[in-house]
Structure formats: structure tokens, C-alpha cells
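Report on the following structure.
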Ligand SMILES: [Zn+2]
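In our numbering, the protein residues as written are 64 to 393.
Structural data, given as C-alpha cells:
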């Protein structure tokens with residue numbers, strides 16, 4: 064197995080297998096397999112093809128370079144290596160896959176790590192926005208709890224419209240028989256498209272920030288000495304990083320959602336919807352004034368905090384594709 068420092072530079076996927084030194088065209092007798100060095104994907108195929116040392120088939124695009132016990136190298140098609148070396152071959156190709164996976168993580172790490180201090184610092188700047196989102200949720204829940212809960216449930220169900228249901232009694236005639244009877248039905252009526260539904264998603268922004276920082280810190284530790292960590296550990300952290308990226312994105316959407324939701328024109332429709340909704344579900348009468356929603360019966364109201372803290376979204380761009388940021392810096 065290669066050390067991490069060497070693994071970064073080794074080419075585990077070659078495009079011209081014939082560029083390698085020490086290639087033999089037949090398998091010498093009494094030879095064993097030392098290792099599988101790389102996979103090839105021949106760049107000149109189909110104009111030129113790779114000849115397999117085992118079956119002599121001259122047609123290959125993909126295959127493996129093997130290191131043999133006499134120090135020679137030999138090119139195999141995709142299947143013949145296993146036929147020749149059996150279990151040893153299977154183990155060697157598994158090692159190669161593992162090394163390739165690890166190499167991937169190391170290279171990704173090398174690109175990301177120089178940006179980590181900036182990302183962690185930048186996320187600290189998100190804190191005021193996250194605090195004010197959570198504060199506004201709490202306030203909304205306290206002051207206009209029924210409206211808040213109804214909207215949270217709506218968003219959790221993936222609905223995007225504000226609807227009311229009107230009870231109507233209609234006469235239905237049974238086909239054929241001519242018999243008719245009266246039935247009561249709830250007829251839905253759409254009041255408005257719900258704007259800024261992301262504001263009502265069930266996530267806690269400050270928890271996401273804390274989690275993001277813990278993961279970024281862990282990545283810094285790993286980058287300090289990768290040899291102490293196995294590839295699976297890196298893989299888990301990589302998945303966590305992707306999740307955190309998605310969750311940070313949700314914070315951005317949540318903040319934008321708040322601004323859309325409390326826009327005066329939209330809020331008027333919300334007030335109308337909340338008033339007209341079945342009072343078992345949302346009791347009370349509501350009115351919107353500018354960007355404030357009032358409950359006319361309790362006198363309580365809800366609006367966005369006047370200075371709703373901004374968020375630096377560049378952090379997400381760096382997290383998503385740090386390599387592009389390198390180009391930008393160059
Ligand atoms: Zn072959």
C-alpha cells in the first residue's frame with residue numbers, strides 16, 4: 064500500500080498503458096502476481112487496441128496493468144487476470160479500488176483545506192441571521208400559534224397553496240335510477256400560492272451551523288495527518304459534509320422565505336386565508352398591515368425583525384466547488 068504522500072501523485076488510471084516501462088508480451092513461466100498497478104482506459108482506442116497477455120486478444124480498451132514477481136509488467140484485459148491469478152487477482156484489484164477511493168478523498172481534501180479557515184470564519188457571520196430566524200419562529204409561535212402551526216403542517220406535507228374549504232350541499236342523482244339525494248361536500252378554493260414556504264421548514268439553523276463547524280473542524284484535523292484515518296472514516300466525513308452543504312442551503316432558503324412571506328401583498332392574502340379557514344383549525348380574524356400580521360381578536364401580531372441579518376452565500380460556492388475558487392484566486 065502506498066503512503067498518502069505518494070498516493071497523491073501516483074497515476075492509478077492510465078490512458079496509454081504502452082507508455083509504461085518493463086512491459087512483457089507473454090506471461091513468463093513460474094510467475095506470481097505482486098500487485099495490480101493501475102487500470103487503463105486506452106485513449107487511442109478504437110484506432111489502436113490493447114493486446115491481453117493471457118488470451119492474446121487484441122481488442123481491449125479497458126483493462127489492468129499487473130506487476131509480476133520477476134519485476135516485469137503485463138497488460139491484461141478486464142477478465143483474464145482473474146483467470147490467471149484467481150484469488151490473488153481479486154485481492155489486488157480490491158486493493159487498487161481502495162487506493163483509488165482514498166486518492167480521491169485526499170485530492171479533494173487538498174483542494175478544500177486551504178479554504179477552511181475562510182469558510183469557518185464566514186459561517187460565524189451567519190450566526191446573527193440564524194438567531195433572528197429562530198427568534199422570529201418563537202415569536203410567531205407565541206403570538207399567532209394557530210397560523211404558524213397550520214403553515215408548518217402545510218409545508219411539511221409539501222403543499223404550495225393556501226386553500227380554504229367551503230361546505231356545500233349539493234344534489235346528486237344516481238345514474239339510471241333517477242333517485243336523487245342531498246350530500247355535503249367540502250369544496251377547496253385556492254386563495255393564493257404560498258410564498259416563502261421554506262421559512263416554515265422544520266429545521267433549526269443554529270444547530271446546523273454548530274454541526275457544520277464540528278465537521279469542518281474534523282476535516283482540518285484529518286488533513287493535519289491523514290495517515291491516522293482510514294478511508295471509510297474519510298468517506299463518512301465526506302457524506303456528512305455533503306449533508307451539511309444541503310442543510311446550509313436550506314438556511315439560505317429559509318431566510319429568503321421569511322422575506323417573501325412577510326411581503327405586504329402576500330401577507331394580505333395570508334390574513335384572508337387565515338380568517339376564512341375553518342375556525343376549528345385557525346380561530347380568529349386576521350389583518351395584514353404593511354409587513355405585519357395581526358390577530359384582531361387577541362391584539363397580538365407578528366412581523367419580521369426590522370433589520371433581518373443578511374447571509375454571505377459565497378461560503379456555499381466555496382464549499383460546493385473549492386477548485387473553482389482556486390482558479391478565481393490564480
Ligand atoms: Zn485476455
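Glycine included, each C-beta is placed from N, C-alpha and C at the ideal position.
Checklist entry - For residue 365, does the three-state DSSP call read helix, strand or coil? => result For the purposes of this step, residue 365 is taken as residue 302 along the chain shown, with counting starting at 1. Under the three-state reduction of DSSP output, residue 365 falls in the strand class.
Next on the checklist: At a threshold of 7 Å, does residue 193 count as lining ligand 1 (C-beta to nearest heavy atom)?
Outcome noted: Residue 193 sits at position 130 when you count from the first residue of the chain shown. Flag unset: Cβ of residue 193 not near ligand 1.
Next on the checklist: Going by DSSP in three states, residue 299 sits in which element: helix, strand or coil?
Outcome noted: Residue mapping note: residue 299 aligns to position 236 of the chain shown, counting from 1. Looking at residue 299 - three-state DSSP - the assignment turns out to be helix.
Checklist entry - So what's residue 95 in DSSP terms, helix, strand or just coil? => result As a working mapping, residue 95 is identified with position 32 in the chain shown. Residue 95 carries a coil assignment under DSSP once its states are collapsed to helix, strand and coil.
Checklist entry - ligand 1 heavy atoms versus the CB of residue 140: any closer than 7 Å? => result By one-based count along the chain shown, residue 140 stands at place 77. Yes, the beta carbon of residue 140 sits closer than 7 Å to at least one heavy atom of ligand 1.
Item to check | Inside the stretch 164-227 only - alpha helix (DSSP H) runs reaching at least 4 residues | outcome: Along the length of the stretch 164-227, whole alpha helix (DSSP H) runs at least 4 residues long occupy 179-187, 190-206 and 208-219, reported in chain order.
Item to check | Straight-line Cα distance separating residue 168 from residue 298 | outcome: The residue given as residue 298 occupies position 235 in the chain shown. The residue given as residue 168 occupies position 105 in the chain shown. Going by the C-alpha atoms only, they are around 7 Å apart.
Checklist entry - Under 7 Å from any heavy atom of ligand 2, does the C-beta of residue 120 make it? => result As for ligand 2, it is missing from this structure, which binds only ligand 1.
Next on the checklist: Among the candidates 84, 159 and 273, whose CA atom is the shortest distance from the CA of residue 97?
Outcome noted: As a working note, residue 97 is residue 34 in the chain shown. Residue 97 has its Cα closest to that of 159, out of 84, 159 and 273.
Checklist entry - Does DSSP put residue 124 in a helix, in a strand, or in coil? => result On the chain shown, position 61 is the one that residue 124 refers to. In this structure, residue 124 counts as coil in the three-state DSSP scheme.
Next on the checklist: At the level of alpha carbons, what is the spacing between residue 64 and residue 288?
Outcome noted: Against the chain shown, residue 64 aligns to sequence position 1. Against the chain shown, residue 288 aligns to sequence position 225. Approximately 17 Å, taken between the alpha carbons.
Next on the checklist: Considering only heavy atoms of ligand 1, does any lie closer than 7 Å to the CB of residue 124?
Outcome noted: For the purposes of this step, residue 124 is taken as residue 61 along the chain shown, with counting starting at 1. It does not: the Cβ of residue 124 is nowhere closer than 7 Å to a heavy atom of ligand 1.
Checklist entry - Roughly how far, in whole angstroms, is the beta-carbon of residue 127 from the beta-carbon of residue 95, given that I think they are within contact range, below 8 Å? => result Translated into the one-based positions of the chain shown, residue 127 becomes position 64. Translated into the one-based positions of the chain shown, residue 95 becomes position 32. That belief does not hold up - the Cβ atoms of residue 127 and residue 95 are roughly 16 Å apart, past 8 Å.
Checklist entry - Would residue 263 pass as a contact of residue 193 if the rule is Cβ separation under 8 Å? => result Start at 1 with the first residue of the chain shown, and residue 263 comes out as number 200. Start at 1 with the first residue of the chain shown, and residue 193 comes out as number 130. Taking 8 Å as the cut-off, the beta carbon of residue 263 is found no closer than this to the beta carbon of residue 193.
Item to check | 8 Å CB neighbourhood of residue 332 in its chain, flanking five on each side removed | outcome: As a working mapping, residue 332 is identified with position 269 in the chain shown. The answer, listed in chain order, is 225, 254 and 255.
Checklist entry - So, residue 114 versus residue 121, is the Cβ gap smaller than 8 Å? => result Taking the chain shown and counting its residues from 1, one reaches residue 114 at position 51. Taking the chain shown and counting its residues from 1, one reaches residue 121 at position 58. Between residue 114 and residue 121, the CB-CB gap stays under 8 Å.
Next on the checklist: Quick test of the definition: if touching needs 3 or more C-beta pairs under 8 Å, does the stretch 269-282 touch the stretch 300-311?
Outcome noted: Cβ pair count under 8 Å is three or more, so yes.
Next on the checklist: Let me check understanding here. Comparing Cα to Cα, which of 311, 340 and 112 lies closest to residue 381?
Outcome noted: Against the chain shown, residue 381 aligns to sequence position 318. The residue with the shortest Cα to Cα distance from residue 381 is 311.
Item to check | Run of the beta strand (DSSP E) containing residue 252, from where it starts to where it stops | outcome: Mapped onto the chain shown, residue 252 falls at position 189. Where residue 252 is concerned, the enclosing beta strand (DSSP E) stretches over 243-256.
Item to check | Top-ranked residue by Cα proximity to residue 210, from 371, 330 and 69 | outcome: Here residue 210 refers to the residue found at position 147 of the chain shown. Ranking the options by Cα distance to residue 210, first place goes to 330.
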